[in-house]
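K.L.:
Protein chains in written order, with the numbering used here: chain Y, 23 to 308; chain R, 6 to 131.
Here it is, the structure in full.
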Amino acid sequence: MANNTIATPQTATEARITDKEFGAIRKLVYDKFGINLTEQKKTLVVGRLQKVLREREFATFDEYFQWLIQDKSGSGLDELATRISTNHTFFYREKAHFEFFQGTVLPEIHARHQATGNKEFRIWCAGCSSGEEPYTLMMLMMDFLGSQLNQWKPILLATDISARALKTAMSGEYPQDRVSQLPPGLRNKYFQKTPDGLMSVAPAVRDRIFFRRHNLMDPTFPFKKQFDAIFCRNVMIYFDRPTRNTLVGKYHQHTVPGGYLFIGHSETLGRDETPYNYVMPAVYRK
Amino acid sequence: MPKLLIVEDDPVMRKLLAKAVANLVVDAHYTSDGLYALDALRCNSDYDLIITDISMPILDGRTLINLVRQDPRFDHIPIIIMSGVVGMSEIADLLDSGADRFIPKPFKMDVVLEDVQSLLKNKVAG
């Protein structure tokens, strides 16, 4: 029988982490980003930070930690956040959400707003990573509004804790395999091929999105108006239960009545953990 | 050179404002939302004047005024607020909450110019 485990290449320079070092980094990550690195995540942390230690020429995790807490520029912490929280993603990941957004959420917002005269479709991607999700949602909104686009205002706020991820998001350029799951209609309409063979999001889509760095642990969110839908997918997996509950409570305050919260498919919110109503796996409604 | 922060989400309005201040010797910076204006202020608190719209997609002008007035790093910066859709009582509220001037939209170029000059003069004199 074939061995289906993949061996991690070991190099002589690979740093090991002591319990004390892991404890210190764990506390820092929790205090700064609300991310709870459990003992099970130790291997992941060591693996992901190995490159950082090598590039910055630290022999031990302790040296790295001492530098991190003294670094005034914030770039060290940003790099840490990026390494710890960024996952590989692609366009149309967990597609059931996009189909529900297109088939149910958008028509609902449209109907609600036609009755009140409100012109704004307000969506927030909290933890937008490298931008695949906000771009897809904006494309779906633009497609839904079609020839009426000029009469409406699709607004999308895309935030992430990592400045590096946001930079990728704002560039709007992706390797072809990352967009391969998108319905061809969207891909043909809203992407252009660059001379380097990358797929570039049309400026008409990109310019409508508000990208901004934001730490979900900030005690208050500075946005006043509520959102019709909030997407926070595969972000809260890093948070412990109390942090998650507080965050979901804050999302609830920032959702319009009848609006939606989308979380990752591998995440769940217990009944006692959320003021939202359950709609379908990973979709909740206020 | 005095530094201006102009916060306006409508590109047409931004162009008109740029035209209005074009003849002044000022360094004008433009942002399209109150959220970005806050970021700009946090990076550089040495602005001499803020001109802001009220209705903006993510963070509106009212909230921006409140946040600016609460922060000791930039609570002294004069603010001109612009809008086309508010009543008299609301204008009074805006001025109470910390705006220094209100300019109705559509605006007249000379009104903008006059207010900008007078607030920048106050700033220099003060």
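Backbone N, C-alpha and C fix where the C-beta goes; we use that ideal spot for every residue, glycine too.
Which residues, in order along the segment 201-234 of chain Y, keep a beta-carbon less than 7 Å from a beta-carbon of chain R?
P.N.:
Those residues of the segment 201-234 of chain Y that come within reach of chain R (Cβ to Cβ, closer than 7 Å) are F232 and R234.
K.L.:
Is Y/P303 buried or exposed, if buried means 16 or more other CB atoms sit within 10 Å of its CB?
P.N.:
Looking up residue 303 of chain Y in the first sequence gives position 281. It is exposed - the Cβ of Y/P303 has fewer than 16 other Cβ atoms within 10 Å.
K.L.:
Please state whether the Cβ-Cβ distance between Y/F123 and Y/A180 is less than 8 Å.
P.N.:
Taking the first residue of the first sequence as 1, we reach residue 123 of chain Y at position 101. Taking the first residue of the first sequence as 1, we reach residue 180 of chain Y at position 158. No, they are not a contact pair.
K.L.:
Apart from the five residues just before and just after Y/Y273, which ones in its own chain have a Cβ nearer than 6 Å to its Cβ?
P.N.:
Working through the first sequence from its first residue, we reach residue 273 of chain Y at position 251. Around Y/Y273: I252 and L283.
K.L.:
Only counting the same chain, and skipping five residues up and downstream in sequence, which positions put a Cβ closer than 8 Å to that of Y/Q198?
P.N.:
For the purposes of this step, residue 198 of chain Y is identified with residue 176 of the first sequence, where counting begins at 1. Only G219, L220 and M221 meet the Cβ criterion.
K.L.:
If the cut is a Cβ gap below 8 Å, which residues of chain Y does R/D58 touch?
P.N.:
Looking up residue 58 of chain R in the second sequence gives position 53. Correct list: empty, because the minimum Cβ distance to chain Y is about 14 Å.
K.L.:
Less than 8 Å separating the beta-carbons of R/I86 and R/I70?
P.N.:
Here residue 86 of chain R corresponds to residue number 81 of the second sequence, with the count starting at 1. Here residue 70 of chain R corresponds to residue number 65 of the second sequence, with the count starting at 1. Yes, they are a contact pair.
K.L.:
Can you tell me where the alpha helix (DSSP H) holding R/C48 begins and where it ends?
P.N.:
Walking along the second sequence from the start, residue 48 of chain R turns up at place 43. Unbroken alpha helix (DSSP H) run through R/C48: G39 to C48.
K.L.:
Can you find the residues in the same chain that come closer than 7 Å, C-beta to C-beta, to R/L100, ignoring five residues on each side of it along the sequence?
P.N.:
One-based indexing of the second sequence puts residue 100 of chain R at position 95. F107, listed in sequence order.
K.L.:
To the nearest angstrom, report how far apart R/N28 and R/K113 are at their CA atoms.
P.N.:
Start at 1 with the first residue of the second sequence, and residue 28 of chain R comes out as number 23. Start at 1 with the first residue of the second sequence, and residue 113 of chain R comes out as number 108. Distance between the alpha carbons of R/N28 and R/K113 is about 15 Å.
K.L.:
Taking 8 Å as the threshold (beta carbon to beta carbon), is R/T36 in contact with chain Y?
P.N.:
Counting from one through the second sequence, the residue named residue 36 of chain R turns up at place 31. Not closer than 8 Å to any Cβ of chain Y, the Cβ of R/T36 fails to qualify, so no.
K.L.:
Among R/V91, R/L9 and R/L125, which one has its Cα closest to the Cα of R/A45?
P.N.:
The residue given as residue 45 of chain R occupies position 40 in the second sequence. Looking at the Cα atoms, R/L9 is the closest of the given residues.
K.L.:
Got a sec? Which residues, its chain only, sit under 6 Å from Y/L75 by beta carbon, not counting five neighbours each side?
P.N.:
Taking the first sequence and counting its residues from 1, the one referred to as residue 75 of chain Y is at position 53. Around Y/L75: A37 and Y86.
K.L.:
Would you identify the three-state DSSP class for Y/E79, choosing helix, strand or coil?
P.N.:
The residue labelled residue 79 of chain Y in the question sits at position 57 within the first sequence. In this structure, Y/E79 counts as coil in the three-state DSSP scheme.
K.L.:
Among residues of its own chain, excluding the 5 on either side of R/Y35, which ones have a beta-carbon nearer than 6 Å to its beta-carbon?
P.N.:
Walking along the second sequence from the start, residue 35 of chain R turns up at place 30. Within the same chain, R/Y35 has close Cβ partners I11 and R19.
K.L.:
When Cβ atoms are compared, which residues of the segment 10-43 of chain R fall closer than 9 Å to chain Y?
P.N.:
Against chain Y - using a Cβ distance shorter than 9 Å - the residues of the segment 10-43 of chain R are S37, D38, G39, L40, Y41 and L43.
K.L.:
Run through DSSP, which three-state label would Y/G139 get?
P.N.:
Working through the first sequence from its first residue, we reach residue 139 of chain Y at position 117. Correct three-state label for Y/G139: coil.
K.L.:
Tell me, please, which residues DSSP counts as bridged to Y/L178.
P.N.:
In the first sequence, counting from the first residue as 1, residue 178 of chain Y sits at position 156. Partner(s): Y/I145 and Y/I231.
K.L.:
Mapping the DSSP letters down to three states, classify R/D58 as helix, strand or coil.
P.N.:
In the second sequence, the residue the question calls residue 58 of chain R occupies position 53. Three-state DSSP puts R/D58 in a strand.
K.L.:
Applying a beta-carbon distance threshold of less than 8 Å, which residues of chain R neighbour Y/F253?
P.N.:
Here residue 253 of chain Y is taken as the residue at index 231 of the first sequence, counted from 1. In chain order: nothing, as chain R lies at least about 15 Å away.
K.L.:
If you draw a straight line from the alpha carbon of Y/T150 to that of Y/W89, how long is it in whole angstroms?
P.N.:
Within the first sequence, numbered from 1, the residue matching residue 150 of chain Y stands at position 128. Within the first sequence, numbered from 1, the residue matching residue 89 of chain Y stands at position 67. Correcting the residue identity first, residue 150 of chain Y is Cys in this sequence and not Thr. C-alpha separation (whole angstroms): 28 Å.
K.L.:
Give me the Cα-Cα distance between Y/K189 and Y/R234, rounded to the nearest whole angstrom.
P.N.:
In the first sequence, the residue the question calls residue 189 of chain Y occupies position 167. In the first sequence, the residue the question calls residue 234 of chain Y occupies position 212. Distance between the alpha carbons of Y/K189 and Y/R234: 10 Å.
K.L.:
Bridge partners of Y/K64, per DSSP?
P.N.:
Residue mapping note: residue 64 of chain Y aligns to position 42 of the first sequence, counting from 1. DSSP, once it has assigned bridges, lists no residue as partnering Y/K64.
K.L.:
Chain R beta carbons: is any one of them nearer than 8 Å to that of Y/V301?
P.N.:
For the purposes of this step, residue 301 of chain Y is identified with residue 279 of the first sequence, where counting begins at 1. So no, Y/V301 is outside the interface.
K.L.:
Would R/P109 pass as an interface residue toward chain Y - the criterion being a Cβ-Cβ separation below 8 Å?
P.N.:
Here residue 109 of chain R corresponds to residue number 104 of the second sequence, with the count starting at 1. No - not a single Cβ of chain Y is within 8 Å of the one on R/P109.
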